[in-house]
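Everything below concerns the one structure shown next.
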Amino acid sequence: MPLFAYCQEVLWANKVLGYSSEYRPSQIGHAYRAKQILGVPNKLPDFGDSPCAWSPADADGRNEEWIKVGFDKTIPLKQIAIAENFNPGAVVRVYAYDGAGKEYLVSETPAAQQTVKGRMLHIFPKQNIQANAVKIVLQPGKVSGFNQIDAIGISSDITPVEAKINFVASQLKAQKENMGKAINSKGQEVAPIISPDGKTLYFTRNDFEGNIGSAGHQDVWYSTLNDKGEWTDAVNIGPPINNAGENAMTSISADGKTIYLINEYGADGNMYFGFSRSFKTKSGWSVPRSWKITNFLKTAKYFEISVSPFENVLIMAVQGNDTEGGKDLYISFLQKDNTWSEPRNLGSVINSADNENTPFLALDNKTLYFSSSGHSGYGQGDLFLTRRLDDTWLNWSTPENLGPAVNSPLWDAFINIPATGDYAYFSASDKVVGQEDIFRIRMTPEIKPDPVVVVSGNVLEAETNKPVKSDITADIKSTNASFATASFDPETGEYRLILPLKEIYRITASGEGFFPVSEEMDLSAETGFRSIRKNIYLQPIKAGQQIRLSNTMFSQSSAEVIPSSFAELDKIAETMKAYPTMEILLEGHTDNQGEVQKNIKLSSDRVEQVKKYLLSKGIDGKRIQTKAWGPTRPIASNLTEQTRQKNRRVEFTILKI
1 MPLFAYCQEV
11 LWANKVLGYS
21 SEYRPSQIGH
31 AYRAKQILGV
41 PNKLPDFGDS
51 PCAWSPADAD
61 GRNEEWIKVG
71 FDKTIPLKQI
81 AIAENFNPGA
91 VVRVYAYDGA
101 GKEYLVSETP
111 AAQQTVKGRM
121 LHIFPKQNIQ
131 ANAVKIVLQP
141 GKVSGFNQID
151 AIGISSDITP
161 VEAKINFVAS
171 QLKAQKENMG
181 KAINSKGQEV
191 APIISPDGKT
201 LYFTRNDFEG
211 NIGSAGHQDV
221 WYSTLNDKGE
231 WTDAVNIGPP
241 INNAGENAMT
251 SISADGKTIY
261 LINEYGADGN
271 MYFGFSRSFK
281 TKSGWSVPRS
291 WKITNFLKTA
301 KYFEISVSPF
311 ENVLIMAVQG
321 NDTEGGKDLY
331 ISFLQKDNTW
341 SEPRNLGSVI
351 NSADNENTPF
361 LALDNKTLYF
371 SSSGHSGYGQ
381 GDLFLTRRLD
391 DTWLNWSTPE
401 NLGPAVNSPL
411 WDAFINIPAT
421 GDYAYFSASD
431 KVVGQEDIFR
441 IRMTPEIKPD
451 PVVVVSGNVL
461 EAETNKPVKS
471 DITADIKSTN
481 ASFATASFDP
491 ETGEYRLILP
501 LKEIYRITAS
511 GEGFFPVSEE
521 MDLSAETGFR
531 SIRKNIYLQP
541 IKAGQQIRLS
551 NTMFSQSSAE
561 VIPSSFAELD
571 KIAETMKAYP
581 TMEILLEGHT
591 DNQGEVQKNI
601 KLSSDRVEQV
611 KKYLLSKGID
621 GKRIQTKAWG
631 PTRPIASNLT
641 EQTRQKNRRV
651 EFTILKI
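Under UniProt numbering, the letters of the sequence shown match residues 1 to 657, in that order.
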């Protein structure tokens, strides 16, 4: 016998056609307004007061209240589902409307106080109606308190409609694990920030006698993972990060050498509303410096910020003038003057009339985790994930609840995940030692961010192996777009780059007195997390120095410089401008495929194209000599295409400084 899967179709109201009144407790946002009744339930299956539901203006008004909603198509009406999330029982009449606007009374019952906090009210019309609109009438005076309606749905099936939580595709199978007494105390531990390598856990501690200033002011603490895989007793990070004010860390850079903090550190020792960062030095963390966000909301009292691991965007939780309700998630972009753009609201797919808090943008620069009370969940605040759909940063997937392994009826927030993606660290109020504790849970692939590759190492002088203080960039080869930056300083440790998969990157290191070196890293075929050790060797800028350019500057049998090589040639031009008396020799080489004379001609054409490009950047042609060798000086075997590619190259020698 064949098996058939059956899925009940439910239409949720998508337009408000009229209403008697709406509760407006604030001029900011749209809490409790008529539009909150639209779409899927945002509170049910949980019950209770919610700003994401419609509420009439008066809690116990004597007059009848009503709201009429429409649906995106007409269906044979077998059921109306009314999500009464708070103080149910006030609905006295329900009407349905057909495509011609004809009204049908489908239910009439007296209002009555209920013994439950909320319910899904099911109406099963006896008439045959092709319906596309519904109107409900309430008598608020008969049921005490505000009578809230979360959503209205219709169905052509009699199976009772129930609200569902939008879970992630695969539930977490592990149990959450309290991080224990090394980290958690009888005070409050929140906002875990795990370093990208997973070996240092920073967090914010409050109501604790070991805090600087007073127990009632929060400080940043940290714990490290020892060789036995155990977390050491937490240590106060100390001045200048911690002082007598409110101190909290909010993010860490991909290389672990910059930390980001809420508030601005005034020269007078006071703290001011804002955003700061501190840099790792050989003697510890630097004094935090403020980082300007254009038209940031000075009137706000609380906010959280997540910095993209590549420092190109900020995602913050704050209440603004265009907030949907409580705190919303906003985005800000890094500008050319190293300030942040005016924050933009991320929109109604993510933001609700309740609070969206504690954003964390994962190291894949794509997966966003946050806490919310405005999407269906278990209670006071649940953790969700959403994924970026395009490069506008304004289109996101429908948020998915991380499920009961993480979320409880109490408050759950502040999730953070290292590069490996093996564990998630978060704050929770359930089963705690003190007020809130820090937990961790092992992740499943469906809930993890997309995998990344961690590239780390040293930058060394090629001739002596001495470390060279350097700046490192990673560009996407196909677009020449700068993707990530890092620094190498022998006093603060190795450089680290975190690169999402499915791209070919060009990694460039540059140091004063050295020629920039670029090397390709092909991650297009990688499928999972990996750590790569890569030392980069720089050649000093001096007469006689020979430097080999990218092996993929040309296509096979072509003299045309491919656009992805422009960035490397630009570095030659910049170096020659920095050394205005420098003269160079460009030498062209090919593989051995084809006739020798044709290859010599090809190598000549190639170096002339490189020279032509440098001339276009303002370099005097008298400073550039050329030489074509064809296939006569191979540096690798010509037996395979992979090794032949190494022979198709351009080298340049510094003749004079």
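By construction, the Cβ of each residue, glycine as well, lies at the ideal position given by its N, Cα and C atoms.
Check, Outcome
"Checking the sheet assignment: what are the DSSP bridge partners for residue 46?", "The partner list for residue 46 (beta bridge, DSSP) is empty, contrary to what the question assumes."
"Mind checking which residues open and close the alpha helix (DSSP H) that includes residue 33?", "Per DSSP, residue 33 belongs to no alpha helix (DSSP H) and is neither H nor E."
"Between 383, 499 and 229, which has its C-alpha nearest residue 662's C-alpha?", "Given a span of 1 to 657 for the chain in the structure shown, any question on residue 662 remains unanswerable."
"Between the segment 37-46 and the segment 98-115, are three or more C-beta pairs nearer than 8 Å?", "no"
"Does residue 330 pass the burial test, meaning 16 or more other C-beta atoms within 10 Å, or should it be called exposed?", "buried"
"Mark residue 390 as exposed unless 16 or more other C-beta atoms lie within 10 angstroms of its C-beta, in which case mark it buried.", "exposed"
"Checking 8 Å against the spacing of the C-beta atoms, do residue 537 and residue 424 come in under that value?", "no"
"Give the DSSP-derived three-state secondary structure of residue 492 in the structure shown.", "coil"
"Distance cutoff 8 Å, beta carbons only. Does residue 412 sit that close to anything in chain C?", "Looking at the structure shown, chain C is missing, and only one protein chain is on hand."
"Under 8 Å between the Cβ atoms of residue 459 and residue 498?", "no"
"Look at the alpha carbon of residue 492 and the alpha carbon of residue 281, and state the distance between them as a whole number of angstroms.", "6 Å"
"Around the C-beta of residue 150, are 16 or more other C-beta atoms found within 10 angstroms, so that it is buried, or is it exposed?", "buried"
"Please report the distance separating the alpha-carbon of residue 633 from that of residue 589.", "7 Å"
"Tell me residue 714's beta-bridge partners as DSSP assigns them.", "The structure shown does not extend to residue 714, since the chain is modelled only from 1 through 657, so no value can be given for it."
"CA-CA distance, residue 89 and residue 69?", "19 Å"
"What does the Cβ neighbour count give for residue 474, buried or exposed, with the cut at 16 atoms within 10 Å?", "buried"
"Measure the CB-CB distance between residue 353 and residue 374 and report whether it falls below 8 Å.", "yes"
"So the beta strand (DSSP E) residue 68 belongs to, where does it begin and stop?", "65-76"
"DSSP three-state label for residue 500, please.", "strand"
"Classify residue 587 as buried or exposed, calling it buried when 16 or more other Cβ atoms lie within 10 Å of its own Cβ.", "buried"
"Among 601, 546 and 635, which has the Cα closest to the Cα of residue 654?", "546"
"Please report the distance separating the alpha-carbon of residue 385 from that of residue 304.", "17 Å"
"Does DSSP classify residue 447 as helix, strand or coil?", "coil"
"Would residue 488 pass as a contact of residue 469 if the rule is Cβ separation under 8 Å?", "yes"
"When burial is assigned at 16 or more other CB atoms within 10 Å of the CB, is residue 229 buried or exposed?", "exposed"
"Check each candidate in 31, 592, 224 and 24 and name the one with the smallest Cα separation from residue 58.", "24"
"Answer with buried or exposed for residue 71, where buried requires no fewer than 16 other C-beta atoms within 10 angstroms of its C-beta.", "buried"
"Starting from residue 79, follow its DSSP beta bridges and name the residues at the other end.", "155"
"Would you mind stating whether residue 638 and residue 591 have Cβ atoms separated by less than 8 Å?", "yes"
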